[in-house]
Amino acid sequence: MKRLFATLLLSWIPVLADAEPLRFEAQLGTCKYGITAKGGWWNDAYPTDIDARDQCFQLGISRIEKSYSWANVGWRLAYVNLGTLNADNTFAARDDQQFTTFDASKCDLSDGARNCVLRSTMSDNAKGITIGAIFERTKWAVTWGAEIGAFVYDSTFNATFYHDGKLVGHYHTAGLNATPYLGLTATYGYLLASIRGYGSVTSHEPGCGGCSGITHGPAWQLTAGIQVPF
Numbered sequence: 035m036k037r038l039f040a041t042l043l044l045s046w047i048p049v050l051a052d053a054e055p056l057r058f059e060a061q062l063g064t065c066k067y068g069i070t071a072k073g074g075w076w077n078d079a080y081p082t083d084i085d086a087r088d089q090c091f092q093l094g095i096s097r098i099e100k101s102y103s104w105a106n107v108g109w110r111l112a113y114v115n116l117g118t119l120n121a122d123n124t125f126a127a128r129d130d131q132q133f134t135t136f137d138a139s140k141c142d143l144s145d146g147a148r149n150c151v152l153r154s155t156m157s158d159n160a161k162g163i164t165i166g167a168i169f170e171r172t173k174w175a176v177t178w179g180a181e182i183g184a185f186v187y188d189s190t191f192n193a194t195f196y197h198d199g200k201l202v203g204h205y206h207t208a209g210l211n212a213t214p215y216l217g218l219t220a221t222y223g224y225l226l227a228s229i230r231g232y233g234s235v236t237s238h239e240p241g242c243g244g245c246s247g248i249t250h251g252p253a254w255q256l257t258a259g260i261q262v263p264f
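Per the working numbering, numbering of the sequence shown is gapless, rising by one per residue and ending at 264.
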């Protein structure tokens, strides 16, 4: 057993010695969220202002572990902040009145906000960790890459409600979620550019009976920055 362990250890040492160095990566760019369907925190029958795009950034490390004839294969671990969606929307307070007509002058906040039209300022942010496999190949002095993995993120949604200019309430939801992602990268020297698509980024709170914020569906990330071996 000792001889077998020593043989395995000695066979592993050259692999460690020949392994490519870790690469530090820092990127900045723009991200865009998907939003819920009409009637979910917005309704274009009323004044609606949704800014689903914001600056975002990614900090991570990556390494190529093995080279094949068709590609170099490795991994990437990164912290990703997709930025903040901001909205200032007016809509019927009750879900069952989103697509019906009613007399807003008969608003009754004490009766579940029946017949009430509210204005709400909202913010929604998703940030977390991505881990995935990467595949790279160099051509025309550029290293082209593809990646696939998972995004485990914390989503935070806040909404403040007003009726006739008066503050009437606040709503908050937060929770951990996960979604797959796909990405493409291009590296030239120390310069790194990437595009990612996330399957579904939502501010749904686990255990909340389906309640969620305004974000929902695929999210997109376009960033550029540096990749430095160390």
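C-beta atoms are modelled at their ideal positions from N, C-alpha and C, and glycine is treated no differently.
As the structure is a computational prediction, the values presented were derived from the model and not from experiment.
Which residues share a DSSP beta bridge with residue i?
i: residue 228; result: 219 and 257
i: residue 262; result: 58
i: residue 100; result: 107
i: residue 115; result: 91 and 161
i: residue 211; result: 187
Which of helix, strand or coil does DSSP assign to residue i?
i: residue 198; result: coil
i: residue 248; result: coil
i: residue 242; result: coil
i: residue 120; result: strand
i: residue 49; result: Any answer about residue 49 is weak, because its pLDDT of 43 lies below 50 and its placement is not dependable; what the coordinates show is given next. Three-state result, residue 49: helix.
i: residue 73; result: coil
i: residue 83; result: coil
i: residue 67; result: coil
i: residue 233; result: coil
i: residue 38; result: Only weak support is given to the placement of residue 38: the predicted model assigns it a pLDDT of 41, under 50, and the value that follows is read from those uncertain coordinates. Three-state DSSP puts residue 38 in a helix.
i: residue 203; result: strand
Assuming residue i contacts residue j (C-beta within less than 8 Å), just tell me the rounded distance between them.
i: residue 229; j: residue 217; result: 6 Å
i: residue 253; j: residue 232; result: 4 Å
i: residue 120; j: residue 85; result: 5 Å
i: residue 257; j: residue 68; result: The pair is not a contact, with the Cβ atoms about 18 Å apart (cut-off 8 Å).
Considering only the alpha carbon of each residue, which of the options lies closest to residue i?
i: residue 100; options: 224, 235 and 168; result: 168
i: residue 174; options: 126, 239 and 223; result: 223
i: residue 248; options: 134, 161 and 156; result: 156
i: residue 75; options: 152, 138, 199 and 61; result: 152
i: residue 176; options: 58, 118 and 219; result: 219
i: residue 81; options: 123, 71 and 67; result: 123
i: residue 185; options: 212, 170 and 127; result: 212
i: residue 202; options: 146, 132, 95 and 112; result: 146
i: residue 180; options: 109, 159 and 262; result: 109
i: residue 77; options: 198, 133 and 162; result: 133
i: residue 236; options: 160, 96 and 262; result: 160
i: residue 190; options: 107, 105, 250 and 164; result: 250
i: residue 58; options: 137, 158 and 221; result: 221
i: residue 195; options: 165, 54, 128 and 64; result: 128
i: residue 261; options: 102, 79, 68 and 112; result: 112
i: residue 170; options: 256, 234, 105 and 245; result: 105
i: residue 187; options: 158, 204 and 178; result: 158
i: residue 93; options: 163, 234 and 238; result: 163
i: residue 226; options: 55, 54 and 61; result: 61
i: residue 165; options: 73, 114 and 87; result: 114
i: residue 215; options: 183, 72 and 98; result: 183
### Message
Report the start-end ranges of each beta strand (DSSP E) in the segment 126 to 192 that is 3 residues or longer and not cut off at the edges.
### Response
Qualifying beta strand (DSSP E) stretches, in chain order: 151 to 173.
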